[in-house]
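In terms of our numbering, the sequence shown opens at residue 138 and continues consecutively.
In what follows, a single structure is set out as structure tokens and then discussed.
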Amino acid sequence: MWHKKVSIALSAGSLAALSALAFAVPTEAARQGAQRIKINDDCNPASFNQFLGSPDACVKKNGKTTIEAFIAELQATQKVAAWNFKPSMLKIKEGRPVILDNRGGETHTFTMVDHFGGGFVEFLNAPSGNPVPAEECVTHGAGGLLPKPPSPVNVFVSAGAREAFDTAHLMPGTYLFQCCIHPWMRVVLTVK
Ligand SMILES: [Cu+2]
């Protein structure tokens, strides 16, 4: 387990840099007809930050789930229930934004995928039943999996942040989204 620490710490660092590129939250006027998705986790900062080797990988003051409990639940159930998108299914009118509201203590991504798959934090993939990474989530570097850079369909939402996902470019239909860090975090979005 411990050799995984290094790649995760690097991921956490690059995420902090990438989040600076994320989109601005739209004005009040543009929010009319918006839908909101809450992004939740329950990371315990002392435990997660020690494990991940970064002082701000988890910034949730009252987070209760230790890294040991997180891994135990993941291995038992292929997911960690407190890490989720709410709602996980929603409908929105074409052109309205989806406001991504990160209430958790970690960075999460909201990434459009053709098929659900694993993310760029390799040690979370097999235990969650997603051995094959989603190609929209990862690039393959010398050291293993690396995050794909942010884009309008690969939105990085840092802890406490709100970002807008723009549906203006989407035709009516059904679209799949996942977190590229925690692959069991999924959303099915229907554009009307
Ligand atoms: Cu996540």
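Just so it is clear, CB atoms sit at the ideal spot from N, CA and C, and this is done for glycine as well.
In this text the structure is predicted, and so the values were computed from the model without any measurement.
**OP:** Would you tell me roughly how many angstroms separate the C-alpha atoms of M322 and F257, rounded to the nearest one?
**Re:** For this step, residue 322 is matched to residue 185 along the sequence shown. For this step, residue 257 is matched to residue 120 along the sequence shown. Taking the CA atoms as reference points, M322 sits about 14 angstroms from F257.
Original post:
At a cut-off of 7 angstroms, is S180 close to ligand 1 when judged by its beta-carbon and the heavy atoms of the ligand?
Top reply: In the sequence shown, the residue the question calls residue 180 occupies position 43. According to the sequence provided, residue 180 is Cys. The question's Ser does not apply to it. With a cutoff of 7 angstroms, C180 does not count as near ligand 1, since its C-beta is closer than that to no heavy atom of the ligand.
Subject >> V294 burial status per 10 Å Cβ neighbour count (16 or more: buried) >> reply: By 1-based counting over the sequence shown, the position of residue 294 is 157. Buried, because 16 or more other Cβ atoms sit within 10 Å of the Cβ of V294.
**OP:** Would you kindly work out how many angstroms separate the C-alpha atoms of G242 and K198, rounded to a whole number?
**Re:** What you label residue 242 is simply residue 105 of the sequence shown in a count that begins at 1. What you label residue 198 is simply residue 61 of the sequence shown in a count that begins at 1. Straight-line measurement puts the Cα of K198 at about 8 angstroms from the Cα of G242.
Subject >> Inter-stretch contact at 8 angstroms, needing at least 3 Cβ pairs: the stretch 225-234 / the stretch 295-305 >> reply: yes
Original post:
Is it buried or exposed for K201, if we count other Cβ within 10 angstroms and need 16 for buried?
Top reply: As a first step, residue 201 is located in the sequence shown; it is residue number 64 there, counting from the start. So K201 counts as exposed.
Subject >> 8 angstroms Cβ cutoff, A305 in contact with chain B >> reply: Included in the structure is just one protein chain, with no chain B present.
Original post:
Where L211 and V217 are concerned, what is the direct C-alpha to C-alpha distance, given to the nearest angstrom?
Top reply: Taking the sequence shown and counting its residues from 1, one reaches residue 211 at position 74. Taking the sequence shown and counting its residues from 1, one reaches residue 217 at position 80. V217 has its alpha-carbon roughly 5 angstroms from the corresponding atom of L211.
Original post:
Thinking C-beta only, is I318 closer than 8 angstroms to N239?
Top reply: As a working mapping, residue 239 is identified with position 102 in the sequence shown. As a working mapping, residue 318 is identified with position 181 in the sequence shown. No.
Subject >> Rounded C-alpha distance that separates V275 from E259 >> reply: The residue given as residue 275 occupies position 138 in the sequence shown. The residue given as residue 259 occupies position 122 in the sequence shown. Per the coordinates, the alpha-carbon of V275 lies some 10 angstroms from the alpha-carbon of E259.
Original post:
Where do the ends of the alpha helix (DSSP H) carrying N186 lie?
Top reply: Locating residue 186 in the sequence shown gives position 49, where the first residue counts as 1. Element bounds for N186: P182 to L189.
Original post:
Is C195 near ligand 1, judged by its Cβ being under 7 angstroms from some heavy atom?
Top reply: Your numbering for residue 195 matches position 58 in the sequence shown. Result no, Cβ not under 7 angstroms from ligand 1.
Original post:
Can the beta-carbon of S184 be found less than 8 angstroms from the beta-carbon of I204?
Top reply: As a working mapping, residue 184 is identified with position 47 in the sequence shown. As a working mapping, residue 204 is identified with position 67 in the sequence shown. Remark: C-beta atoms of S184 and I204 approach each other more closely than 8 angstroms.
Original post:
If you count every other CB in all the chains shown that lies within 10 Å of the CB of H245, and 16 or more means buried, which is it?
Top reply: The residue labelled residue 245 in the question sits at position 108 within the sequence shown. H245 should be labelled buried.
**OP:** Kindly indicate which three-state DSSP category P287 falls into: helix, strand or coil?
**Re:** Translated into positions along the sequence shown, residue 287 becomes position 150. In the structure shown, P287 sits in coil (DSSP, three-state: anything other than H, G, I, E or B).
**OP:** Could you check how far apart the C-beta atoms of V290 and M226 are, in whole angstroms? I think they sit under 8 angstroms.
**Re:** The residue labelled residue 290 in the question sits at position 153 within the sequence shown. The residue labelled residue 226 in the question sits at position 89 within the sequence shown. V290 to M226, Cβ: 19 angstroms. No contact.
Original post:
Whose C-beta lies closer than 8 angstroms to the C-beta of K329 among residues of the same chain, with five residues either side of it excluded?
Top reply: Translated into positions along the sequence shown, residue 329 becomes position 192. Once the five neighbours on either side are set aside, the close Cβ partners of K329 are K228, I229, K230, E231 and P309.
Original post:
Ordered along the chain, which non-local residues of its own chain (more than five positions away) have a Cβ less than 6 angstroms from that of C316?
Top reply: For the purposes of this step, residue 316 is taken as residue 179 along the sequence shown, with counting starting at 1. Closer than 6 angstroms at Cβ, skipping near neighbours: H245, T246 and M322.
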